[in-house]
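Going down the list, the sequences are from chains L and H. According to full-length UniProt numbering, numbering within the first sequence proceeds without interruption in unit steps and concludes at 148. According to full-length UniProt numbering, numbering within the second sequence proceeds without interruption in unit steps and concludes at 148. I have placed the structure first, in the form of structure tokens, so that the comments after it can refer back to it.
Number of protein chains: 2
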Amino acid sequence: MKLSTKGRYGLKMMIDLAIHSEKEMVSIKSISERQGISENYLEQIIALLKKAKLVESARGSKGGYSLVKPPEEVSVGEILRALEGNLSPVDCTSLNDGHKCEEADLCVTKNVWRKISDSINEVVDNIPLSELMDEQIKAEDTYKGEFQ
Amino acid sequence: MKLSTKGRYGLKMMIDLAIHSEKEMVSIKSISERQGISENYLEQIIALLKKAKLVESARGSKGGYSLVKPPEEVSVGEILRALEGNLSPVDCTSLNDGHKCEEADLCVTKNVWRKISDSINEVVDNIPLSELMDEQIKAEDTYKGEFQ
DNA sequence: TCATATCCTACTTGTTAAGTAGGAATTGGG
DNA sequence: CCCAATTCCTACTTAACAAGTAGGATATGA
Numbered sequence: 001m002k003l004s005t006k007g008r009y010g011l012k013m014m015i016d017l018a019i020h021s022e023k024e025m026v027s028i029k030s031i032s033e034r035q036g037i038s039e040n041y042l043e044q045i046i047a048l049l050k051k052a053k054l055v056e057s058a059r060g061s062k063g064g065y066s067l068v069k070p071p072e073e074v075s076v077g078e079i080l081r082a083l084e085g086n087l088s089p090v091d092c093t094s095l096n097d098g099h100k101c102e103e104a105d106l107c108v109t110k111n112v113w114r115k116i117s118d119s120i121n122e123v124v125d126n127i128p129l130s131e132l133m134d135e136q137i138k139a140e141d142t143y144k145g146e147f148q
Numbered sequence: 001m002k003l004s005t006k007g008r009y010g011l012k013m014m015i016d017l018a019i020h021s022e023k024e025m026v027s028i029k030s031i032s033e034r035q036g037i038s039e040n041y042l043e044q045i046i047a048l049l050k051k052a053k054l055v056e057s058a059r060g061s062k063g064g065y066s067l068v069k070p071p072e073e074v075s076v077g078e079i080l081r082a083l084e085g086n087l088s089p090v091d092c093t094s095l096n097d098g099h100k101c102e103e104a105d106l107c108v109t110k111n112v113w114r115k116i117s118d119s120i121n122e123v124v125d126n127i128p129l130s131e132l133m134d135e136q137i138k139a140e141d142t143y144k145g146e147f148q
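Written out as structure tokens, the structure is:
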């Protein structure tokens, strides 16, 4: 019942982009240095975010990545689902209409999974990326202040 | 972000016990037959439930397992935490007071993880085992009815 | 004393997470 | 035009873990 590093690192990348990509494209290299995560791995993760149309890229010199939408219009839910797939605790299919489970009519636990799934989505869909961006900026200021 | 089979099978076992263990001890073998899961594996799972004092056992002939408390007094939350550990999406420690993360003061995502964790626990702590037991009995009756 | 149980723990097997590695393609600036 | 900086792509590696299997030791009611 744990998020993978894709989810954790990917959300951090999005916060990083929210802070730094307003003026110019942000390179993987610079994110890697700030976050302390390998460039190669970040590449793979940001590819998921690009596929979900949450970030856009430019190749070549002066290239890099930036957010497609302003941070106010991106929810943590969109980001995590792009990185982790659905946020349901099981892939039983009566929940998401994939294949079918022949015991579906007899399965009472699926109601539990659905309630969990709904509550997770409810939470993350109501946190805008801008909220985390603001907290991050504030945290960095406070931290810096302590050593002045 | 998925529950393991321990969580899924274990909850099914608890429902099975709620239905069948009122009069007499229930053997692993009978649960295995009803649920279609191997005896050896169920043994390992029920050991977790026993350690959490949710079930008790009797050895030897006529032995087996039964619930410690009536199903009304056991929540799905207790059961899932016994089987899966905490239901937090990350094991970052500012959430559960274990070791410490030196970036804790700078970490804004931990607030997201905490909100998710809280909402999951809120949901599962408010579903009593008796509710699933009742639904299961009802589902079996309906199902049987369709073929009469 | 035996059939039926739990109890205990070592082993196996396949999958996945979490990266590493390295080359191809693109592009702005000198 | 060329080069340095960048994204893009994908194959490979490694370790951990999930999901069981296996089998013997121990206990107990009839």
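Positions of the beta carbon are idealized from the N, C-alpha and C atoms, including for glycine.
inquiry  = Let me confirm a value: Lys23/L is counted as buried when at least 16 other C-beta atoms fall within 10 Å, else exposed. Which label applies?
reply    = Lys23/L should be labelled exposed.
request  = Take Glu84/L and list the residues in its own chain whose beta-carbon comes closer than 6 Å to its own, dropping the five residues that flank it on each side.
outcome  = Gly7
inquiry  = Along the chain, where does the beta strand (DSSP E) containing Ala58/L start, and where does it finish?
reply    = 55 to 58
Buried versus exposed, by CB contacts within 10 Å (16 or more), Asp16/L = It is buried - the Cβ of Asp16/L has at least 16 other Cβ atoms within 10 Å.
Segment limits, beta strand (DSSP E) that includes Gly64/H = DSSP places Gly64/H in the uninterrupted beta strand (DSSP E) bounded by 64 to 67.
query = Taking DSSP as the reference, what is the three-state secondary structure of Ser88/L?
reply = coil
As assigned by DSSP and simplified to three states, the class of Ser21/L = coil
query = Is the Cβ of Ala139/H closer than 9 Å to any Cβ of chain L?
reply = Yes, because at least one Cβ of chain L sits closer than 9 Å to the Cβ of Ala139/H.
query = Thinking C-beta only, is Met13/L closer than 9 Å to Leu129/L?
reply = The Cβ-Cβ distance between Leu129/L and Met13/L does not fall below 9 Å.
ask   = Would you call the stretch 39 to 56 of chain L and the stretch 108 to 123 of chain L in contact, with 3 or more CB pairs under 8 Å?
value = no
message = Tell me the rounded alpha-carbon separation between Val124/L and Glu73/L.
response = 13 Å
query = If you measure from the beta carbon of Leu87/H to each beta carbon in chain L, is any gap under 9 Å?
reply = yes
request  = Taking Lys115/L as the query, report the chain H residues whose CB atoms sit under 7 Å from its CB, ordered along the chain.
outcome  = Val123
query = What are the boundary residues of the alpha helix (DSSP H) that includes Met133/L?
reply = 129 to 145
message = Taking 9 Å as the threshold (beta carbon to beta carbon), is Arg8/L in contact with chain H?
response = It does; some Cβ of chain H falls within 9 Å.
query = Of the choices Gly77/L, Ile46/L, Pro89/L, Glu140/L, whose alpha-carbon is the least far from that of Ser4/H?
reply = Pro89/L
N-terminal and C-terminal residue of the alpha helix (DSSP H) that Val108/L is part of = For Val108/L, no alpha helix (DSSP H) segment is defined, and its DSSP state is neither H nor E.
Cβ-Cβ distance between Gly10/H and Leu80/H below 9 Å = yes
message = For Asn40/H and Glu33/H, I'd like the C-alpha separation in whole angstroms.
response = 12 Å
query = Does Ser119/L have its Cβ less than 9 Å from a Cβ in chain H?
reply = yes
request  = Could you tell me the distance, in whole angstroms, from the CA atom of Asp141/H to the CA atom of Gln136/L?
outcome  = 55 Å
task = Return the first residue and the last residue of the alpha helix (DSSP H) that Glu33/L is part of.
result = 28 to 35
query = In its own chain, which residues sit with a C-beta less than 7 Å from the C-beta of Ile31/H, not counting the 5 before and 5 after it?
reply = Within the same chain, Met13, Asp16, Leu42 come within 7 Å of Ile31/H by CB-CB distance, once the 5 residues on both sides are set aside.
message = Against chain H, does Tyr143/L count as a neighbour if the rule is that its beta carbon must be under 9 Å from one of theirs?
response = At a cut-off of 9 Å between C-beta atoms, Tyr143/L counts as an interface residue with respect to chain H.
request  = Compute the distance between the beta-carbons of Glu78/H and Tyr65/H, then report whether it is under 9 Å.
outcome  = no
Inter-residue spacing [alpha-carbon to alpha-carbon] between Ile37/H and Ile45/H = A direct Cα-to-Cα measurement between Ile37/H and Ile45/H gives close to 11 Å.
task = For Lys69/L, go through chain H and note every residue whose CB falls closer than 8 Å to its CB, in chain order.
result = Result: empty, since nearest Cβ-Cβ is about 19 Å, beyond 8 Å.
ask   = Whose Cβ in chain H lies nearer than 7 Å to the Cβ of Gln136/L?
value = Val108
inquiry  = Taking the alpha-carbon of Met25/H as reference, which of Lys2/H, Leu87/H, Gly60/H has the nearest alpha-carbon?
reply    = Gly60/H
ask   = Are the C-beta of Leu11/L and some C-beta of chain H separated by less than 9 Å?
value = yes
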